[in-house]
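Using numbering that gives the first Met the number 0, you'd call the opening residue of the sequence shown number 0 and step up by one each time. We put the CB at the ideal spot given by N, CA and C, even for glycine.
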Amino acid sequence: MSLKAKDAQERLREMLNSGRVLFGARLPAERTLASELRISRGALRKALSVLEAEGLIWRHVGRGTFFGVRPNPRIEIHSTLHYATSPAEIMEVRLVIEPEMAAIAAQQSTPFEIEKMENCARRCEQAPDLSSNEKWDYLLHENIASATHNSFLASLYNVVNKMREGEVWGRLKEASMNDDLWKLYSRQHHQIVKAIRDREPGAAEKKMREHLENVKSNLFRKY
0 MSLKAKDAQE RLREMLNSGR VLFGARLPAE RTLASELRIS RGALRKALSV LEAEGLIWRH
60 VGRGTFFGVR PNPRIEIHST LHYATSPAEI MEVRLVIEPE MAAIAAQQST PFEIEKMENC
120 ARRCEQAPDL SSNEKWDYLL HENIASATHN SFLASLYNVV NKMREGEVWG RLKEASMNDD
180 LWKLYSRQHH QIVKAIRDRE PGAAEKKMRE HLENVKSNLF RKY
């Protein structure tokens with residue numbers, strides 16, 4: 000890969016990490032984006048292709064390029080569900096499905112999918128703020144779900160992840176997070192991905208459960 004191509008990718012990643020583009024939002028048009036990043040449109044297109052392959056962005060013909068995971072058109076969440084579902088209920092469901100998800104991913108994931116998980120865990124740890132950290136955390140768990148190669152399970156998890164976008168969840172996460180927990184969660188993310196990479200379903204299941212139990216405990220420790 001040329002230095003220009005690597006530089007274009009890094010500039011684009013830095014822009015996404017900076018919070019200038021909200022998770023799920025559309026990126027500026029190619030001409031505008033190339034000008035802002037001070038790179039050629041050709042280099043920009045190559046960088047966009049790499050990030051799309053990594054699952055960090057997705058493209059819709061006629062609508063543009065978006066930051067985040069391509070939405071599943073078959074999943075529709077009624078607006079009242081966001082208000083009727085509590086963070087405690089979300090954590091209960093996560094504890095039911097995510098440890099098993101990690102175990103299946105340890106058996107079914109491809110090397111490229113594991114690379115994407117490793118990248119997400121690394122970016123989550125290095126994120127400049129909580130907002131960026133949460134975006135990469137979202138992508139990591141989403142990639143683990145996708146790596147099960149079970150479309151129904153991945154779609155079910157997509158619903159769970161959508162519920163994490165609620166305002167109440169965001170306030171709880173912000174109030175509970177501190178530097179020590181940031182380091183703990185980052186370490187646990189790396190442990191989960193390592194177990195998946197090492198093809199150890201039992202360890203992947205255990206590490207994911209430990210991680211989610213920690214999240215649950217710290218999320219509600221003031222209540």
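Subject >> Extent of the continuous beta strand (DSSP E) to which H140 belongs >> reply: No beta strand (DSSP E) contains H140, which is instead part of the alpha helix (DSSP H) from L129 to S145.
**OP:** Report yes if the C-beta distance between L138 and G63 is below 9 Å; otherwise report no.
**Re:** no
Original post:
How many Å lie between Q8 and I143 at the Cα?
Top reply: 23 Å
Original post:
Does DSSP put R201 in a helix, in a strand, or in coil?
Top reply: Per the sequence shown, the amino acid found at residue 201 is Gly instead of Arg. G201: helix per DSSP, three-state reduction.
Subject >> For H59, three-class secondary structure by DSSP >> reply: strand
Original post:
Taking buried to mean at least 16 other C-beta atoms within 10 Å of its own C-beta, is V68 buried or exposed?
Top reply: buried
Original post:
Relative to the C-alpha of E204, which residue among V95, A153 and W135 is closest?
Top reply: V95
Original post:
Would you say S131 and N16 are within 9 Å of each other, going by their C-beta atoms?
Top reply: yes
Subject >> In DSSP terms, what T64 is bridged to >> reply: R58
Subject >> C-alpha distance - V49 paired with V214, whole-angstrom precision >> reply: 32 Å
Subject >> One or two residues paired with R10 in a DSSP bridge >> reply: Partner(s): none; R10 has no beta bridge.
**OP:** Would you mind giving the Cβ-Cβ distance between A120 and H188, rounded to the nearest angstrom? I have them listed as a contact below 8 Å.
**Re:** 4 Å
**OP:** Excluding the 5 residues preceding and the 5 following I195 in the sequence, name in chain order all residues of the same chain whose CB lies nearer than 8 Å to its CB.
**Re:** A101, A104, A105, S108, I113, M116, I143, A146 and A203
Subject >> Exposure label - R93; buried when at least 16 CB within 10 Å >> reply: buried
Original post:
Of all the options H148, E141 and E164, which has the alpha carbon lying nearest to the alpha carbon of Y156?
Top reply: E141
Subject >> Residue burial classification, A42 (beta-carbon count within 10 angstroms, cutoff 16) >> reply: buried
**OP:** Identify, in the order they occur along the chain, each residue of the same chain with its Cβ nearer than 8 Å to the Cβ of L211, setting aside the five sequence neighbours on each side.
**Re:** M90, R93, L94, E97 and P98
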